[in-house]
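*Asks:*
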Amino acid sequence: MVTPAGKTPRRGGEVAKSPLPMKPPAEPLELIDLESETAPLRETRAWRLHGQSAKTLVKHEHFRLVLVAVKAGRRCREHSAEESMSAHAVEGAVRVHLEGGGDVELRAGSVLALAPGLCHDFEATEDSTILLTLAWTGHHGEH
């Protein structure tokens, strides 16, 4: 099905626009060195004051990559994403607390995938770097 640029087909023939803002025209290929992106995150004021710093590495209309550095002991309040998401522990370890109970230990090299709308929070058990991937599925507000 062909749709206007920036639109995604939806049930019943309706077209829904992604809630994620676009950056200027995306490059057809983006190669990112996570190690070189992490070091500056640990030199920011946010890292020093709050124990957490983040940078959006890729922002396309329906896809986003965010690199997050967190200090050991830092806990992020409960939240959910309207998008499908994954959290890849690049280094360190975090404990993810899931809605309704249960924890998942996410260690370097592990990836956790979460469905849209699943409430969670996390705490770093070591200084850690997490790569978040968000993919807008077109089901915004339908979960």
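Numbering of the sequence shown is given in my numbering, commencing with residue 120 and proceeding in unit increments. The beta-carbon is built from N, C-alpha and C at its ideal position, and this holds for glycine as well. Remember, it's a predicted structure, so these values are computed and weren't measured experimentally.
(1) Inspect the beta-carbon positions of Val230 and Ala206 and report whether they are closer than 9 Å.
(2) So, does the stretch 160-171 touch the stretch 187-196, judging by three or more C-beta pairs under 8 Å?
(3) Taking the straight line between their C-alpha atoms, what separation do you get for Ala135 and His181?
(4) Hey, how far is the Cα of Leu265 from the Cα of Ala243?
(5) Assuming contact is defined by CB atoms lying nearer than 9 Å, are Ala212 and Ala232 in contact in what I supplied?
(6) So, at 7 Å on beta carbons, what are the nonlocal neighbours of Ala165 in its own chain, with the 5 sequence-adjacent residues on each side left out?
(7) What does the alpha-carbon distance come out to for the pair Leu253 and Cys195?
(8) Could you have a look at Trp255 and say whether DSSP puts it in helix, strand or coil?
(9) Do you know how far the Cα of Gly220 is from the Cα of Glu162?
(10) If you measure between the beta carbons of Glu202 and Leu176, is that distance less than 9 Å?
(11) Could you check whether Leu153 and Val209 sit closer than 9 Å to each other, using their CB atoms as the reference points?
(12) Could you tell me if Pro147 is buried or exposed, where buried requires 16 or more neighbouring beta carbons within 10 angstroms of its beta carbon?
(13) Return the first residue and the last residue of the beta strand (DSSP E) that Ser155 is part of.
(14) Is the beta carbon of Glu245 less than 9 Å from the beta carbon of Ala191?
*Replies:* In short, the structure shows the following:
(1) yes
(2) yes
(3) With a pLDDT of 47 at Ala135, under the threshold of 50, the modelled position of this residue cannot be trusted, and the question is left open.
(4) In the structure as shown, the chain starts at 120 and stops at 262, and residue 265 therefore has no counterpart that could be examined.
(5) no
(6) Gln171, Ser172
(7) 18 Å
(8) coil
(9) 34 Å
(10) no
(11) yes
(12) exposed
(13) Where Ser155 is concerned, there is no enclosing beta strand (DSSP E), although the alpha helix (DSSP H) it sits in stretches over 153-160.
(14) yes
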